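Sequence order for the protein chains is A and B.
Numbering-wise (my numbering), the first sequence opens with residue 45 and increments by one.
Numbering-wise (my numbering), the second sequence opens with residue -7 and increments by one.
Note that beta-carbon positions come from the ideal geometry of N, C-alpha and C, so glycine has one too.
From a predicted model like this one, the values you see are computed outputs, not experimental measurements.
Heads up: the structure comes next, in structure tokens.
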Amino acid sequence: HSESDLGPISINWFEELSSEAPL
Amino acid sequence: EPLNEVAIEDPVEDSQRKGSLQMTSKLKSCSGSCSVDVGTVWWEAADFTALCVVTACEASVSLWRHLESGHWGSVHTWHFTKVPVIQIVPLPGVQSLVCVALGGLEISEIRFLFYSSEDGCVKQPLVKTGNINAVLGLKNRRLVSSCGSLQHQEVEVFSFSETGRSKERQALMPPEETVLAFAEVDGMQEALIALTTTDCLVVWNLTSGQLLRKVPLGFSYLGSVCHKAYSDSGLLFVVLSHPHAEESNSCVNPAFQVVVLNPKTARSARLMSLSLPLGITGRYLEGEVKGVSAAAVLTSGTIAVWDLFWGQCTALLPPNSEGSWSLARWSVTDTCLLAGQKDGSVYIYSYT
């Protein structure tokens, strides 16, 4: 699958989502 | 028991990776009641340390040890007179402790089973009660469960000591939909995923309890079960099974599917379908995924094994003269497949 199918990929998704999600 | 080797023979597909299942041992539980689950656990006692087999029927759970004589000897048995056993809950990396789920139509109790050398008795302490939708043993002596439904759902991680004593309880933010199954994420120890009754894939941070993502899969069958997820290069690869798929066409309704998910954008795509070879019919009934191997019991009574890396069915184990298969479990060492029958017989196959 190309990146366009799934959108931009971030290796650090776990840390990034953890900093954004409500506690 | 005579050695029994089964492998796919298909001269047309030279490129196909063929696996081999070779029977190494047979264990016959004499409980007399219907077998509900089987598993393995490392067990340490005063006079031995060994990889033991656990067999569960509705009214009892037994621990078996392979003796030098070649026979299997019962080490301990735990009896349950009030609530029937539904399943064994594997606890990765845990020794000398077994976890079981008990209940009627759904799980109402989770209990630990162990042997106390202090008083020489087997113990079965209660870990959790309630309307439990799903339970999964996690690495580092943790157990996650979801209780209740919709707005009243509680998702909780329970940490325990080597002896099974409670250490800490951490609440995870519940999704709005009822959790059907949890799965660990290989390569990301603090991430946990679950699939809900509306086919949403949920991602949590196990340390903080935060709900990081909720992704509607949309293209799957309702009631799919997530078995395992792998984290790689910023993507999540999730193995799903479809217990409610139709039997008519195994190519259209595969036993397992692998979907790829970008957690950052919440977009997903179907990556791979694990179907049966041509000419083999049957629908997925139940099974287990371990490492890169997936095993499933089919409605035909056959067990099929797939290699997730190659996306191919590598071995088939048709029913033997004693009857159809009802259970397929990987041993904790990954190299053995435990094939169970309703009468309590467990056949151990080495898988290469």
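Can a CB atom of chain A be found closer than 8 Å to the CB of residue i?
i: A183/B; result: yes
i: P235/B; result: no
i: Q202/B; result: yes
i: V136/B; result: no
i: R57/B; result: no
i: A221/B; result: no
i: N132/B; result: no
i: A261/B; result: yes
i: G11/B; result: no
i: T257/B; result: yes
i: R205/B; result: yes
i: L227/B; result: yes
i: M264/B; result: no
i: S242/B; result: Note that S242/B scores 49 on pLDDT, short of 50, meaning its location in the model is unreliable; the coordinates nonetheless yield the value given after this. Answer no: the Cβ-Cβ gap between S242/B and chain A never drops below 8 Å.
i: V346/B; result: This structure gives no information on residue 346/B, because the portion of chain B shown stretches from -7 to 344.
i: N254/B; result: yes
i: M180/B; result: yes
i: N312/B; result: no
Under 8 Å, Cβ to Cβ, is there at least one residue of chain B near residue i?
i: F58/A; result: yes
i: A65/A; result: yes
From this set, the options, which residue's C-alpha is nearest residue i's C-alpha?
i: V53/B; options: P166/B, K120/B and G336/B; result: G336/B
i: P235/B; options: A261/B, S223/B, L172/B and T257/B; result: L172/B
i: V231/B; options: S260/B, K256/B and L204/B; result: S260/B
i: V45/B; options: S25/B, S12/B, D39/B and L89/B; result: L89/B
i: P246/B; options: E101/B, A221/B, G274/B and S151/B; result: G274/B
i: A258/B; options: V194/B, S12/B and F301/B; result: V194/B
i: V147/B; options: F301/B, S27/B, G201/B and A183/B; result: G201/B
i: E314/B; options: Q333/B, A307/B and W298/B; result: Q333/B
i: R262/B; options: L94/B, E280/B and S233/B; result: S233/B
i: D299/B; options: P311/B, A175/B, A286/B and S292/B; result: A286/B
i: E278/B; options: W64/B, A331/B, T73/B and L228/B; result: A331/B
i: L59/B; options: D39/B, G85/B and V119/B; result: D39/B
i: L319/B; options: Y341/B, S225/B, Y107/B and F301/B; result: Y341/B
i: Q181/B; options: F58/A, S63/A and L67/A; result: F58/A
i: Y276/B; options: Q249/B, S267/B, V284/B and L290/B; result: L290/B
i: E160/B; options: K18/B, N132/B and P166/B; result: N132/B
i: G346/B; options: L94/B, E110/B, S316/B and S265/B; result: Residue 346/B is absent from the structure shown; chain B starts at -7 and stops at 344.
i: V251/B; options: A163/B, S100/B, G303/B and L308/B; result: G303/B
Please state whether the Cβ-Cβ distance between residue i and residue j is less than 8 Å.
i: V75/B; j: V92/B; result: no
i: Y222/B; j: G156/B; result: no
i: T116/B; j: E36/B; result: It is Gln, not Thr, that sits at residue 116/B in the sequence shown. Cβ distance not < 8 Å, so Q116/B and E36/B don't count as in contact.
i: S25/B; j: T47/B; result: no
i: L347/B; j: E168/B; result: Outside the displayed range of chain B (-7 to 344) lies residue 347/B, so it cannot be described from this structure.
i: Q145/B; j: S151/B; result: no
i: V127/B; j: V81/B; result: yes
i: R103/B; j: V119/B; result: yes
i: L198/B; j: A183/B; result: yes
i: Y339/B; j: T327/B; result: no
i: L50/A; j: N125/B; result: no
With DSSP as the reference, please indicate the residues paired to residue i in a beta bridge.
i: E278/B; result: V289/B
i: R103/B; result: V92/B and L118/B
i: E146/B; result: C139/B
i: C328/B; result: S342/B
i: A175/B; result: I185/B
i: A126/B; result: S138/B
i: I272/B; result: Paired residues: none, contrary to the question.
i: D29/B; result: A48/B
Grab the span of the alpha helix (DSSP H) containing residue i for me, first residue to last.
i: W302/B; result: Taken as a continuous stretch (DSSP letters only), W302/B belongs to no alpha helix (DSSP H), as it is neither H nor E.
i: W322/B; result: Run containing W322/B: none in the alpha helix (DSSP H); it sits in the beta strand (DSSP E), L319 to W322.
i: F58/A; result: W57 to E64
Under DSSP, the beta strand (DSSP E) around residue i begins and ends at which residues?
i: M15/B; result: L13 to K20
i: D349/B; result: Residue 349/B falls outside the range modelled here, since chain B spans only -7 to 344, and no answer is possible.
i: E160/B; result: S158 to L164
i: I78/B; result: V77 to V81
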